[in-house]
Amino acid sequence: IFEAVGAQGTVVVDEESLHVDDLDLFDRDSGLRLAEDLEVSELKVGADLEREGDLGEVPPHAVHESNHLTDLYRRDETIQVKGNGYVQSPRFPNSYPRNLLLTWRLHSQENTRIQLVFDNQFGLEEAENDICRYDFVEVEDISETSTIIRGRWCGHKEVPPRIKSRTNQIKITFKSDDYFVAKPGFKIYYSLLEDFQPAAASETNW
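Okay, here's the thing in structure tokens:
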């Protein structure tokens, strides 16, 4: 077991299950060091690391979990949408890391909506039997009474469509598994809509 110690917290990993790719999840200039003989398998960090072309900003709730078979990095970020911005897979437009579960929860003011537009560079691990089982990006419409999956996408065949939220909340989830990765990943541009004309949800795609 190793512990990476930095000014903002520590990261605990299992030596046998750590992938070389995983090392790039942390800023090499952040002063992390390794310490052996630890018995902790889960760590929550509150770091604010930023590195162009990598994970970008790490929000206050980042969790590394290990079950001695695979390491999974979870990240959950809430974004207040006041104008234009974007979210993207780590290292876009290069190959993204394995074993990620990243969530972005986008919120805007009442009586507004959120629009999502995918970058034309889009590519994840291919589907199996037309089902995105392994690596995928998923968009969900969130309301007080229901959650509607607007789509789940993977592969390289086509860029996902433009999406307009039905309410002022929408969630984006990205998952990558322990096996193959692809590039370029994805980049999603978000913007604020002030028309508030609830749109019918598109058909699910998973």
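Just so we're aligned, residue 2 is where the sequence shown starts under our numbering, counting upward by one.
Even glycine gets a Cβ: it sits at the ideal position worked out from N, Cα and C.
Using the beta-carbon count (16 or more within 10 Å), is residue 170 buried or exposed?
Buried, since its Cβ has 16 or more Cβ neighbours within 10 Å.
So, does the segment 72 to 91 touch the segment 153 to 165, judging by three or more C-beta pairs under 8 Å?
Touching, no.
The segment 124 to 140 touching the segment 104 to 114, judged by at least three CB pairs closer than 8 Å:
The segment 124 to 140, when compared against the segment 104 to 114, does not touch it at the 8 Å Cβ threshold.
From the DSSP output, read off the bridge partner residues of residue 114.
According to DSSP, residue 114 bridges with 194.
Work out the CA separation of residue 178 and residue 196 for me, nearest whole Å.
One C-alpha to the other measures close to 38 Å.
Pairing CB atoms from the segment 172 to 190 with CB atoms from the segment 90 to 101, are three or more of them under 8 Å?
The segment 172 to 190 vs the segment 90 to 101: in contact.
So within the segment 116 to 187, which uninterrupted beta strand (DSSP E) runs reach at least 3 residues, ignoring any that extend past its ends?
As far as the segment 116 to 187 is concerned, its whole beta strand (DSSP E) runs of at least 3 residues are 137 to 143, 148 to 154, 170 to 177.
Does residue 180 pass the burial test, meaning 16 or more other C-beta atoms within 10 Å, or should it be called exposed?
It is exposed - the Cβ of residue 180 has fewer than 16 other Cβ atoms within 10 Å.
Any idea what DSSP makes of residue 88, helix, strand or coil?
Residue state, collapsed to three classes: strand.
Among 88, 115, 140, 121, which residue has its Cα nearest to the Cα of residue 174?
Ranked by Cα distance from residue 174, the options 88, 115, 140, 121 are led by 140.
Between the C-alpha atoms of residue 192 and residue 146, what's the straight-line distance to the nearest angstrom?
Computed Cα separation, rounded: 24 Å.
In three-state DSSP terms, what is residue 106?
Strand, per DSSP.
For residue 152 and residue 125, which I take to be in contact (beta-carbon distance under 8 Å), what is that distance rounded to the nearest angstrom?
Contact flag wrong, Cβ pair sits at about 13 Å.
Residue 148: buried (16+ other C-beta within 10 angstroms of its C-beta) or exposed?
By the 16-neighbour rule on beta-carbons within 10 angstroms, residue 148 is exposed.
In whole angstroms, what separates the C-alpha of residue 135 from that of residue 115?
Each residue's alpha carbon lies about 27 Å from the other.
Give every residue of the same chain whose Cβ lies closer than 6 Å to the Cβ of residue 143, excluding the five residues on either side of it in the sequence, and list them in chain order.
Here residue 143 has 170, 172 as same chain residues with Cβ atoms under 6 Å from its own Cβ, once five neighbours each way along the sequence are excluded.
Alpha carbon to alpha carbon, how far is residue 190 from residue 121?
C-alpha separation (whole angstroms): 11 Å.
Apart from the five residues just before and just after residue 168, which ones in its own chain have a Cβ nearer than 6 Å to its Cβ?
Result list for residue 168: 144, in chain order.
Are the CB atoms of residue 137 and residue 176 nearer to each other than 8 Å?
Closer than 8 Å, so yes.
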